[in-house]
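Q:
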Ligand SMILES: [Zn+2]
Ligand SMILES: [Zn+2]
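Numbering (my numbering), first residue to last: 4 to 234.
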């Protein structure tokens with residue numbers, strides 16, 4: 004498949020740590036399309052605020068590394084005159100505990116994760132209420148969410164298209180020159196990102212912005228499309 008060939012091609016210049024450029028720093032408090040980036044150490048939690056007067060709760064993407072007062076979601080909720088009970092859904096991008104520990108702060112929220120990620124999350128003492136499958140599209144109140152399997156960073160890794168925001172999670176990071184690379188240079192990660200790139204090259208109007216757990220954002224979809232057309 005062309006995806007695989009392109010992926011192998013990408014690996015030849017993948018830096019594996021010594022980047023050709025600098026990773027875009029996380030912008031703590033960045034607001035894009037009613038989604039707020041909340042820095043949690045070197046990673047991020049994203050909180051989608053409901054539309055005004057909507058009965059929909061706050062939707063979180065990942066929940067952070069801690070289930071105590073050090074979790075930055077709590078201060079964020081307080082600043083917005085919200086409580087933990089206002090969080091209705093938590094989409095987990097993958098099974099790493101640094102992204103899932105905070106779920107315990109939200110006993111009433113529905114926790115959703117890819118079926119490949121759930122066993123390990125549960126084994127770690129975490130919780131998953133709803134299993135997601137690759138390719139699934141769902142409605143969460145006024146929002147639409149589409150699920151993409153992105154193995155490589157770990158087996159249960161996923162990305163989400165939330166309305167017109169692509170939540171990349173740990174599948175990739177953005178660089179200062181507005182290029183996108185997988186978090187790791189392994190062949191599976193490269194293939195996942197190439198495949199996503201190919202998908203959105205056919206759907207250029209579906210993505211307004213791309214958000215990453217471990218970096219700042221990229222606006223528009225061009226950088227993602229260009230990933231799989233690199234030499
Ligand atoms: Zn991770
Ligand atoms: Zn991470």
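We treat Cβ as the ideally placed atom computed from N, Cα and C, and that holds for glycine. Note that this is a predicted model, so its numbers are computed, not measured.
Report the rounded CA-to-CA distance for residue 36 versus residue 168, giving the unit in angstroms.
A: 8 Å
Q: Assign residue 43 to buried or exposed, taking buried as 16 or more other Cβ atoms, counted over all protein chains shown, within 10 Å of its Cβ.
A: buried
Q: Please state whether DSSP places residue 162 in a helix, a strand or coil.
A: strand
Q: Using CA atoms only, rank isn't needed, just tell me which of 154, 69, 134 is closest to residue 107.
A: 69
Q: Quick check on the DSSP output: what are the complete beta strand (DSSP E) runs of length 3 or more inside the segment 33 to 98, in order along the chain?
A: 38 to 43, 46 to 51, 61 to 64, 90 to 95
Q: So, do the segment 80 to 99 and the segment 177 to 189 have three or more beta carbon pairs nearer to each other than 8 Å?
A: no
Q: Please confirm if the segment 74 to 92 is in contact with the segment 189 to 200, defined as three or more CB-CB distances below 8 Å between the two stretches.
A: no
Q: Counting pairs of Cβ atoms below 8 Å between the segment 204 to 222 and the segment 159 to 168, do you hit three or more?
A: yes
Q: Quick check on DSSP: helix, strand or coil for residue 119?
A: coil
Q: Just to confirm my understanding: we take residue 222, look at its own chain, exclude 5 residues before and 5 after, and list those with CB closer than 6 Å. What are they?
A: If the five residues before and after residue 222 are omitted, its C-beta is found closer than 6 Å to the C-beta atoms of 212, all from its own chain and listed in chain order.
Q: Less than 8 Å between C-beta atoms, sequence neighbours within five positions excluded: which residues of the same chain meet that for residue 28?
A: 218, 219
Q: Determine which residues share a DSSP beta bridge with residue 177 and list them.
A: 183
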